[in-house]
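In the working numbering, the protein residues as written are 1 to 263.
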């Protein structure tokens, strides 16, 4: 694993000089005065997110260049765990009665990784419509949402809840890994910072938020997220923080780039 432990010693090596997307490689220019590294050395970003391993060292000895093989966005076991939860828990008869389109079963969506982008593949366009309703009105009811870029789907209003988008973000950044029982947990070495992540929940560790979000996605816990724009109890104490801008959220961008499509 390329996850960097929180107590691991890291040193500055250099800056990215070029990126070769097709080969999934990049070139790092060694910083003047920095200690040179050898092939197979693991490199990470300044926030400790794993970048990849040095495949080749070339150029001047004083300021060498490093050809780096990029690490996969997520390992197969973690993507498989996310895939197993993406369709959500079985809907109740009451929930099914509110679906925008009648389906004889719960909507089917598969999560897969393509060129380091998460792609959601739906069994049909009706599955996409019902899945969006299910995620935004059942699993993450009341949560904010952002548009989901689509391909081969005529419907132009599919969305993804912010919470689910951030869970996927954790997977793509290798901050979440499979727990061995079909769920996800915070990856070893991933930042477990404490801050507000959900309206009216207050400050909490990232690991606690991820655990609760996974239980919601699996159907073990169900509740409505408090809407900060239409609070029923104006006197209730609410933890305040910067408004979420889903259009600028990294995961929203990744999902738009990767997209969703119907087979």
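Glycine is no exception: its CB is placed at the ideal position from the N, C-alpha and C atoms.
Simplified DSSP assignment, three categories, for residue 63: coil
Cβ-based burial, residue 290 [other Cβ within 10 Å; buried from 16]: The question about residue 290 has no answer, for the chain in this structure spans 1 to 263.
Assign residue 85 to one of three DSSP states: helix, strand, or coil. helix
First and last residue of the alpha helix (DSSP H) that includes residue 112? That residue, residue 112, is in no alpha helix (DSSP H); its beta strand (DSSP E) goes 109 to 114.
How big is the Cα-Cα spacing for residue 150 and residue 139? 21 Å
For the beta strand (DSSP E) containing residue 159, name the first residue and the last one. 159 to 161
Give me the DSSP bridge partner(s) of residue 195. 204
Helix, strand or coil for residue 79? Go by DSSP, reduced to three states. helix
Quick one: what does DSSP say residue 19 is sitting in, helix, strand or coil? strand
Nearest CA to the CA of residue 41: which residue from 67, 62, 94 and 61? 67
Who are the Cβ neighbours of residue 90 in its own chain at under 8 Å, not counting the five residues just before and after it? 106 and 219
Hey, could you find the ends of the beta strand (DSSP E) residue 29 is sitting in? 25 to 30
Determine contact between the region 153 to 160 and the region 173 to 187, defined as no fewer than three beta-carbon pairs at a distance below 8 Å. no
With the cut-off set at 9 Å, would you say residue 214 and residue 183 are in Cβ contact? yes
Sheet register partners of residue 56 (DSSP bridge): 67
Note the first and the last residue of the continuous beta strand (DSSP E) segment covering residue 178. 176 to 178
Select from 46, 104 and 32 the residue whose C-alpha is nearest the C-alpha of residue 6. 46
Does the separation of the CB atoms of residue 111 and residue 86 fall below 9 Å? yes
List the endpoints of the continuous beta strand (DSSP E) containing residue 119. 117 to 122
Where residue 47 falls: helix, strand or coil (DSSP): coil
Does the beta-carbon distance from residue 52 to residue 70 come in below 9 Å? yes
Taking just the CA atoms, how far does residue 160 sit from residue 207? 21 Å
Within the continuous beta strand (DSSP E) that includes residue 145, where are the two ends? 145 to 147
Tell whether a beta-carbon distance below 9 Å holds between residue 168 and residue 82. yes
Top-ranked residue by Cα proximity to residue 63, from 94, 96, 29 and 224: 29
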